[in-house]
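Colleague: All you need for my numbering is the position in the sequence shown, starting with 1, plus 300. Virtual Cβ for every residue (Gly too), placed ideally from N, Cα, C.
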Amino acid sequence: MSRVAYKNAVKHIRLEILSSHPLAPMSKISRCIYPAGLACNWHASGEKHHMTTVLSGRMVFQARGGAPLICKAGTVISIPPNTELNWQVERSSTLIHCHHNDFEFEVHGALAFFFGSMLKRLAKAEIEGKSLEAFKHALAMASISAAQDLAFSLANLQVMLAAIESVQKPQIRNGNPMQSPLARCLNHIEANLNRQLSLAELAKHSYVCSSRLMQLFKAKLGETPIQYISRRRAALAEQMIQEENRTVSEVASLLDFHSLSYFTRFFKKQTGRNPSKLRHESRNTI
């Protein structure tokens, strides 16, 4: 999938302004349809904060230095101003973009994470199916409302609250002091298999020192944290190669490997198989 400059990519996007005067701090709400196969090169996100909700389709967003974020129906992604990012459209996608100004965390609490004052990187949340359907219904009703700006504003606030709730629930659950350090560590690993993890980061999220975490892994799982991560990342890579229509290079990039040759060596060491040959075999069995 070849990438094009942002100024050329936007020519292929169907844009519809839904509200030019929503409630502050929102400044514009629009619906955009992205065609399958469109891929945009690195570009700056602009001066405004963005909150984007995916109504349908599948896209991948990535900030410079960050892991790829796979976005599908029900994904809510928050983009700080002046973020350098790229994106690609895997399936034709319909998105609702909400542009807005800054929000103060001290005054507006959790909403500030989606209105941007506390946010320094791309953030993603997944809302439940019923919340997504409620959002779609609210958009449809807003389009025929006598007070469209207000209606579209309330619809976007509704989906923001659903996104915040979806993010806070696992944080509360994973931060339960009754949960063991090993369980906290495994939860963090499973949530971040698409990027490189260090022992120091794992220890921080487990609330124990690195040496104690090593002891727990050895005692309970018979392997070190890094060995466990390598095994799980290799299993994920194998699944992506076999089940998804991606090249080996794309899989390596999505899993935060910056060198295809390094990914190939890693994969062969963990699975005993060549990833390119595995992909070829998988395509021939379809």
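1. Identify, in the order they occur along the chain, each residue of the same chain with its Cβ nearer than 7 Å to the Cβ of K430, setting aside the five sequence neighbours on each side.
2. Measuring CA to CA, which of A534, S582, M514 and W342 is closest to Y562?
3. On the three-state DSSP scale, how would you describe N574?
4. Just to confirm, are A434 and M441 a CB contact at a threshold of 8 Å?
5. Taking just the CA atoms, how far does K520 sit from S345?
6. According to DSSP, is T547 helix, strand or coil?
7. Would the stretch 546–564 and the stretch 511–529 be scored as touching if the rule is three or more Cβ pairs under 8 Å?
8. Bridge partners of N386, per DSSP?
9. With a Cβ-Cβ cutoff of 8 Å, do L674 and A363 count as a contact?
10. Alpha carbon to alpha carbon, how far is L454 from L422?
11. Between which two residues does the beta strand (DSSP E) containing E501 stretch?
12. Which residues in the same chain as C509 place their Cβ atom closer than 8 Å to its Cβ, once the five residues preceding and following it in sequence are excluded?
13. Beta strand (DSSP E) containing L555: first to last residue?
14. Quick one: what does DSSP say K348 is sitting in, helix, strand or coil?
15. Please name the residue, chosen from E538, S582, A339 and S319, that lies closest to C398 on a Cα-to-Cα basis.
16. So, helix, strand or coil for T564, using DSSP?
17. Using 10 angstroms around the beta-carbon of W342, count the other beta-carbons present and answer buried if the total reaches 16, otherwise exposed.
18. Buried or exposed: which applies to Q496, given that a residue is buried once 16 or more other Cβ atoms fall within 10 Å of its Cβ?
19. My output table needs one value for E406: the three-state DSSP class, helix, strand or coil.
Modeller: On the basis of the data shown:
1. If we look at K430 and ignore the five residues flanking it on each side, it has no Cβ neighbours.
2. Between Y562 and the set A534, S582, M514 and W342, the nearest pair of CA atoms involves A534.
3. Coil, per DSSP.
4. In this structure, A434 lies away from M441, with their beta-carbon atoms at least 8 Å apart.
5. S345 and K520 have their C-alpha atoms spaced approximately 45 Å apart.
6. When DSSP states are grouped into helix, strand and coil, T547 belongs to the coil group.
7. Touching, no, given that fewer than three Cβ pairs across the two stretches are closer than 8 Å.
8. Secondary-structure assignment with DSSP links N386 through a beta bridge to Q362.
9. The displayed coordinates of the chain run from 301 to 586. Any statement about residue 674 would go beyond what the structure contains.
10. Cα-Cα distance, rounded: 23 Å.
11. Looking at the DSSP string, E501 is not in any beta strand (DSSP E); the run it does join, the alpha helix (DSSP H), is L499 to S506.
12. Cβ neighbours of C509 beyond the five flanking positions: A503.
13. For L555, no beta strand (DSSP E) segment is defined, and its DSSP state is neither H nor E.
14. In the structure shown, K348 sits in coil (DSSP, three-state: anything other than H, G, I, E or B).
15. Residue S319 is the option with its Cα nearest to C398.
16. Three-state DSSP puts T564 in a helix.
17. The residue is exposed, with fewer than 16 neighbouring Cβ atoms inside 10 Å.
18. With fewer than 16 Cβ atoms within 10 Å of its Cβ, Q496 is classed as exposed.
19. Unreliable placement is indicated for E406, whose pLDDT of 46 sits below 50; the coordinate value is still reported in the next sentence. Under the three-state reduction of DSSP, E406 is assigned to helix.
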